[in-house]
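The numbers in my numbering rise by one with no breaks, and the one at position 268 of the sequence shown is 362. Just so you know, even glycine gets a beta-carbon here, dropped at the ideal spot from N, CA and C. Small disclaimer: the values here were computed from a predicted structure and weren't measured. To start, the structure under review is shown below, and the notes come after it.
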Amino acid sequence: MADGSRARAVVTGAAGGIGSAVARRLRADGWDVAGLDRVVTPFRQLPAVTPFRQLPAVTPFRQLPEPTGQAGVEPVDLLDELAVAAAFAALGPVTALVTCAGLTAGAPAHETTLEDWHTVLDANLTSAFLAVKHALPGMIAAGRGVIVTIGSIHSGSFGPGLPAYAAAKAGLAAFTRQVAVDYGRHGIRAVTIAPGWIRTPATEERLDGDTDRERQRDAHPLRRLGEPADVAAAVAFAVSDGAAMLTGTEIVLDGGATAVQAAALLRAGPRARLGLKPLEEPQ
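Structural data, given as structure tokens:
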């Protein structure tokens with residue numbers, strides 16, 4: 095356990111592309127970070143428009159290795175409430191909680207089984223709820239705390255074939271706002287960070303070569319894809335004293351993608367004004 099000289103932050107999904115970047119950034123900023131993630135069968139990126147294989151709804155989460163040598167927590171399954179409660183009791187006071195654990199997968203609604211639906215909602219929403227629930231008592235007792243949930247632009251700007259994911263992320267954003275309303279009087283802030291396309295090993299697997307990567311980049315006015323470090327920087331600000339009045343809202347990190355009318359990317363004039371090369375004529 096930490097010696098209490100530094101504020102404790104907990105990051106779930108800390109072995110993933112975004113979660114590991116968040117954990118590294120917070121450590122660099124001086125936080126005592128406990129990272130939690132799965133022991134086995136990590137969430138895999140699955141096809142977004144085809145039915146996906148049922149994944150275990152309850153699998154263990156593991157502690158991210160602590161390069162600083164600080165003691166951490168025992169492995170904990172973030173979908174087992176008793177295990178979550180025990181983990182937060184062992185951690186002691188938590189000043190910041192960042193929920194990065196999640197799963198991007200799906201199929202059209204008529205092809206989504208009930209088991210698939212619950213798997214995605216559990217991964218993205220239930221795991222965050224349980225972590226928040228058991229971080230709150232310590233924050234209330236301390237009279238301060240920050241909760242950051244990693245959402246998605248899919249909560250309000252939808253791509254095809256992701257009904258469960260969109261519902262989970264929309265629910266996560268609403269849940270976070272509710273936490274901000276309910277616990278602000280205790281000095282607790284709650285913020286959702288909603289990334290667009292972030293380059294991680296999982297998202298890179300979804301791109302079909304350089305052409306697909308270029309088209310994805312062209313959908314962003316900033317003409318680049320997001321990096322995990324971009325999300326980590328936003329988290330670092332959200333948990334800092336500089337964000338003392340930031341609560342009950344979303345920070346959108348999408349390079350301007352949701353500000354662009356999708357149809358404009360298919361027309362020659364708007365593409366030219368955006369500095370994009372013409373689309374190839376169909377054969």
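Closest to residue i by CA distance: which of the options is it?
i: His248; options: Ile234, Val242, Val240, Ala264; result: Ala264
i: Thr341; options: Gly250, Ile287, Gly350, Leu319; result: Ile287
i: Leu173; options: Arg102, Ala225, Ala236; result: Ala225
i: His280; options: Leu266, Phe269, Asp216, Ile241; result: Ile241
i: Ala258; options: Leu230, Tyr277, Arg271, Pro202; result: Pro202
i: Trp211; options: Ala236, Asp335, Gly255; result: Gly255
i: Ala383; options: Gly200, Gly290, Met339, Ala323; result: Past the edges of the chain, shown from 95 to 377, lies residue 383, and the structure says nothing about it.
i: Ala332; options: Gly110, Gly200, Ile282, Ala261; result: Ile282
i: Gly124; options: Ala330, Asp348, Val346; result: Ala330
i: Trp291; options: Phe269, Phe182, Leu347, Leu185; result: Leu347
i: Arg102; options: Ala262, Gly237, Leu215, Gly186; result: Gly186
i: Asn218; options: Glu321, Thr189, Gly237, Thr270; result: Thr270
i: Ala382; options: Ala190, Gly200, Tyr277; result: Past the boundaries of the shown model lies residue 382; the chain is included only from 95 to 377, so the question cannot be answered.
i: Gly239; options: Thr220, Val273, Thr213; result: Val273
Could you check what DSSP says for residue i in three-state terms: helix, strand or coil?
i: Gly320; result: strand
i: Trp125; result: coil
i: Val104; result: strand
i: Ser114; result: helix
i: Ala201; result: coil
i: Thr352; result: helix
i: Leu185; result: helix
i: Asp40; result: Outside the displayed range of the chain (95 to 377) lies residue 40, so it cannot be described from this structure.
i: Ala109; result: coil
i: Ala190; result: strand
i: Leu347; result: strand
i: Ala165; result: Per-residue confidence for Ala165 stands at a pLDDT of 34, beneath the threshold of 50, marking its modelled position as unreliable; the derived number appears in the next sentence. Here Ala165 sits in coil by DSSP.
i: Leu340; result: coil
With a threshold of 7 angstroms on Cβ separation, who are the neighbours of residue i within its own chain once the five nearest residues in sequence on each side are excluded?
i: Val178; result: Val170, Leu172, Leu224, Ala225, His228
i: Thr343; result: Val285
Leaving out the 5 sequence neighbours to the left and right, which residues in its chain are closer than 6 angstroms to residue i when beta-carbon positions are compared?
i: Glu175; result: Leu224
i: Gly113; result: Val105, Gly107, Cys194
What residues in its chain sit with their C-beta under 8 angstroms from that of residue i, if we drop five residues either side in the sequence?
i: Val325; result: Ile112, Ala115, Val116, Ile244, Ile287, Pro289, Ile292, Leu347
*For the region 206-289, list the alpha helix (DSSP H) runs that are entirely contained and at least 4 residues long, ordered along the chain.*
Counting only runs of 4 or more, we get 208-215, 221-236, 257-277.
*Inter-stretch contact (C-beta, 8 angstroms, three-pair minimum) for the region 204-223 and the region 108-123*: By the Cβ test, the region 204-223 is not in contact with the region 108-123, since fewer than three Cβ pairs between them sit closer than 8 angstroms.
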